[in-house]
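Trainee:
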Amino acid sequence: MQLTNRAKQVDRKPMTFLESIYLWNIMKGMGITISHLFKKKATINYPEQTRSFSKVFRGLHVLNRDAEGRENCTACGLCAVACPAEAITMEGAERLPGEEHLYREEKYAAKYEINMLRCIFCGLCEEACPKDAIYLSQTFAPANYGRKGFIYKKEELLIPHPVNEPEAYKKALGEKVNN
Amino acid sequence: MIDWWFLLEKTILIAGIIGLSFFIAMYTTYAERKVAAWLQDRRGPNRAGPFGIFQPLADGGKLFFKEEIIPLASNRFLFVLGPALAMITALITSSVIPWAAPFTTKGGTQIPMQVADVNMGILLVFSFVSVGVYGIMIGGWASNNKFSLMAAVRGASQMVSYELPMGMSLIAVLMMTGSLQMSTIVSYQAEHGWNIWYQPLGFLIFFICALAECNRTPFDLPEAENELNFGYHQEYSSMKLGFYLFAEYINMFISSAIMATLFFGGYDIPFVKEELWGLSPFWLTVISFGVFMAKISFFLFVFLWIRWTIPRFRYDQLMNLGWKKLIPLALINMVITAAVILYFKK
Amino acid sequence: MEIIEILFGILAFLAIFSALMVVVSKNPVHSVLWLIVTFFAISGHYILLNAQFLAIVNIIVYAGAIMVLFLFVIMLINLNRETAPQKNRWLKMAGGVAGGCLLLVLVAAFKEVGMAEKQKAVVNVGDIGLIKSLGKELFTKYLVPFEISSVLFLSAMVGAVVIGKKE
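What follows is the structure, encoded as structure tokens:
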């Protein structure tokens, strides 16, 4: 069965004298290599330059806040159920009076952890969320020396406060449109 | 009794040449990595200093601080002697190369830019190249490892077999110049045109043999880690391994210098008559040195260029090429040259 | 003392010492290495006599080529104390007698020649060891022996190829 039309019959003719000196073919090869000296380099100088991601890139998770800085998450658990890798754990808690500026609804996530070693960055949590509380940003998890460092807590996941730190908030938001 | 000025002059020259050899060898390692990267559409080392120019220092430092391992059952003295011999023989060959036009002082005395302008010039180079085999053999044997020993035998027979066509290709050149003295060969070429125009085949053979003598690709069997389980320096680590590798780069530098001297006019500046310039002798020496270094750099680049183009030979192919192709070719070249010289002399 | 005398002293000491070490060393590889040192010392003597060509050829041919083959063989058969052949007492005695005879003949021959006072080696002058005069001598006066010896080498080479060739 032929898969492609690029297949080539192996040539088993004995080498002619000219071929057995190798010289002409070596010259040809050297012509090819020297032409690469003047080609554009494929390398990206990583820490200084970064490769641009596509708009639908799924990177690290972010827990969202609304425009006043209140957390969207209600600890409903839909994301944890949707997660095929079972990377998400959470614990819910009731909002106390006086905490209205912190949490948007009566229930909130007291604990919210994502294990980045388990996560496959499929984005199903983002799709499952009814409150637009979690989405996948355009950065990826940096290297770490221990497994513990890969379990991201709420402090690491939460987006910066839009009123108190508008700059950081904008940066974390990236190209996602918040609606 | 002892001419102190002479001694001082030569000491300075020797120190300068050894320093130069080390410096060039250092930066050949850097150039190797850079050229390799460029030929493969990469950027190469660019972190240590601007454009990565301190990379060789970083590499050397790394080698120095690595753990030194001497195999328990090895012969300690010979194990240390091996890399030292490789280094010494690599450095010693530089003594007969004329590095620049002789410098004439105001008093009219000429100071040659050459450590020893001996009668036997090129033969001396050959003798030390042939002694260079011991660095490989002793190192490989003293490691007390059968793979090292086999690699040593392989490397030594490679060097011995490629010395033959190298010498034979040279005989044609020597018949033309009629002298073994390096300075005479250079001045002959300045007068009659470079040897490369008369001896292109001889140069080709010499160049291929130089690649084999320096253990460069496509003859770099000691580097064949996957297929031959590494070369004679398998048991070496730290700076002793560094010495072997460094000696290889110095060999490259010296053999480039010898090729430039024998076939490309040495320090002769092409296309011009130096006498018509009326330059001061100091500047003439400096410029001719620069020209010589440019020629050497070109050859060094070709060494690197070939390395990233050609895959390595199998051992039987290597021996076939040496004994069945290069030696007959060199012999034919020799006979033809002799016939032509005889025809023109009559 | 002249500088040449100092050099001669050093070289002579080195040559004799390393030649003794060739015989004395237990390890055959060490013997070969000491023999190489001996060749270098002798080459040094040649240079003192202004025979540069001989010095270099001595290094190329003996130190560079022949000793490499010696080293090949000795390294590959890897002699050590267990595999060393048993030394017969009679064999030892025979060796001693043979060596003594050779020494006797040599001493007698030198005494007969009487080179003690009359002929001193001339240092650093003369050009008989330089390539030009050597070549002239070889290709005029000694042309026939030279060519015969080269034919001998050629036939040896052909013989080696014939033996080495697979049937």
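In the order they appear, the protein sequences are chains L, G and B.
In the working numbering, each number is its position in the first sequence, counted from 1, plus 584.
In the working numbering, each number is its position in the second sequence, counted from 1, plus 1481.
In the working numbering, each number is its position in the third sequence, counted from 1, plus 41.
Glycine residues also receive a C-beta, built at the ideal position from the N, C-alpha and C atoms.
1. Hey, which unbroken runs of the alpha helix (DSSP H) at 4 residues or more fall wholly within the stretch 1486-1555 of chain G?
2. In chain G, what lies closer than 9 Å to L/K597 by C-beta?
3. Against L/T572, what residues of chain G qualify as contacts under a CB-to-CB distance less than 7 Å, listed in chain order?
4. In angstroms, rounded to a whole number, what distance separates the CA positions of B/L48 and B/V70?
5. Hey, B/L76 and B/V63: beta-carbon distance below 8 Å or not?
6. Report the rounded CA-to-CA distance for G/Q1536 versus G/S1502, giving the unit in angstroms.
7. Using beta-carbon positions only, say whether G/I1551 and G/F1560 come within less than 8 Å of one another.
8. Quick one: which chain B residues come within Cβ less than 7 Å of G/F1607?
9. Return yes when the Cβ of L/K755 is within less than 8 Å of the Cβ of L/L647, no when it is not.
10. Say whether chain L places a C-beta atom closer than 8 Å to the C-beta of G/I1791.
11. Looking at the secondary structure, which residues open and close the alpha helix (DSSP H) in which G/F1584 lies?
12. Quick check on G/V1783: does DSSP put it in helix, strand or coil?
13. Along the chain, where does the alpha helix (DSSP H) containing G/L1709 start, and where does it finish?
14. Compare the beta carbon distance of G/S1611 and G/E1644 with 8 Å and say whether it is the shorter of the two.
15. Along chain G, which residues have their Cβ under 8 Å away from the Cβ of L/T617?
16. Counting only Cβ-Cβ distances shorter than 7 Å, please list the residues of the stretch 1636-1649 of chain G near chain B, keeping chain order.
17. Give the single residue among L/C657, L/N699, L/G653 whose Cα lies nearest to the Cα of L/A669.
18. Give the interface partners of B/L171 over in chain G, defined as CB-CB distance under 9 Å, in chain order.
19. Within the same chain, show all residues whose beta-carbon is closer than 6 Å to that of G/L1494, passing over the 5 residues directly before and after it, in chain order.
20. First and last residue of the beta strand (DSSP E) that includes L/A693?
21. Since G/Y1730 contacts G/T1585 with CB under 8 Å, what's their CB separation in whole angstroms?
22. Whole angstroms is fine: what's the gap from B/A138's alpha carbon to B/L132's?
23. In whole angstroms, give me the CA-to-CA distance for G/A1820 and G/K1826.
24. Return no unless some Cβ of chain B is closer than 8 Å to the Cβ of G/T1720.
25. Under 7 Å Cβ to Cβ from L/Y753, same chain only, skipping five residues before and after it: list those, please.
26. Count the other C-beta atoms from every protein chain shown that fall within 10 angstroms of the C-beta of G/F1763, then say buried if there are 16 or more, exposed otherwise.
27. Kindly indicate which three-state DSSP category B/G137 falls into: helix, strand or coil?
28. Quick one: what does DSSP say B/L112 is sitting in, helix, strand or coil?
29. Taking the beta carbon of B/Y183 as the centre, do at least 16 other beta carbons fall within 10 Å, making it buried, or is it exposed?
30. Near G/G1602, which residues of its chain fall below 6 Å by C-beta distance, leaving aside the five closest residues on each side in sequence?
31. Starting from G/M1618, find everything on chain B with Cβ-Cβ shorter than 9 Å and list it in chain order.
32. So, does the CB of G/V1614 fall closer than 8 Å to a CB anywhere in chain B?
33. Given that a residue counts as buried once 16 or more other Cβ atoms are within 10 Å of its Cβ, and exposed if not, what is B/V109?
34. What is the DSSP secondary structure of G/I1731, counted as helix, strand or coil?
Mentor: Looking at the coordinates:
1. 1536-1546
2. The contacting residues do not exist; L/K597 stays about 18 Å from chain G at best.
3. The question about residue 572 of chain L has no answer, for chain L in this structure spans 585 to 763.
4. 28 Å
5. yes
6. If you take the alpha carbons of G/Q1536 and G/S1502, they lie about 18 Å apart.
7. yes
8. I101
9. no
10. Proximity of G/I1791 to chain L, defined by a Cβ-Cβ separation below 8 Å, is satisfied.
11. From DSSP, G/F1584 is part of no alpha helix (DSSP H) but of the beta strand (DSSP E) over 1581-1585.
12. helix
13. 1706-1709
14. yes
15. Close partners of L/T617 in chain G (Cβ separation under 8 Å): L1520, W1786, W1789, T1790.
16. Listed by position along the chain: A1637, V1641.
17. Selection L/C657, L/N699, L/G653 evaluated against L/A669 yields L/N699 as nearest (Cα-Cα).
18. N1600, M1601
19. V1596
20. 691-699
21. About 34 Å separates the two Cβ atoms, so there is no contact after all.
22. At residue 138 of chain B the sequence reads Val, which differs from the Ala that was named. B/V138 and B/L132: Cα-Cα distance of roughly 10 Å.
23. 10 Å
24. Checking the sequence shown, residue 1720 of chain G turns out to be Met, not Thr. Cβ-Cβ to chain B under 8 Å: no for G/M1720.
25. Annotation for L/Y753: I743, P744, H745, P746 place their beta carbon closer than 7 Å to its own, counting only its chain and skipping 5 residues before and after.
26. Result: exposed.
27. helix
28. helix
29. exposed
30. Only residues of its own chain outside the window of five on either side were considered, and among them V1577, L1661, Q1662, M1663 have a CB closer than 6 Å to the CB of G/G1602, listed in chain order.
31. V109, L112, F113, M116
32. Yes - at least one Cβ of chain B is within 8 Å of the one on G/V1614.
33. buried
34. helix
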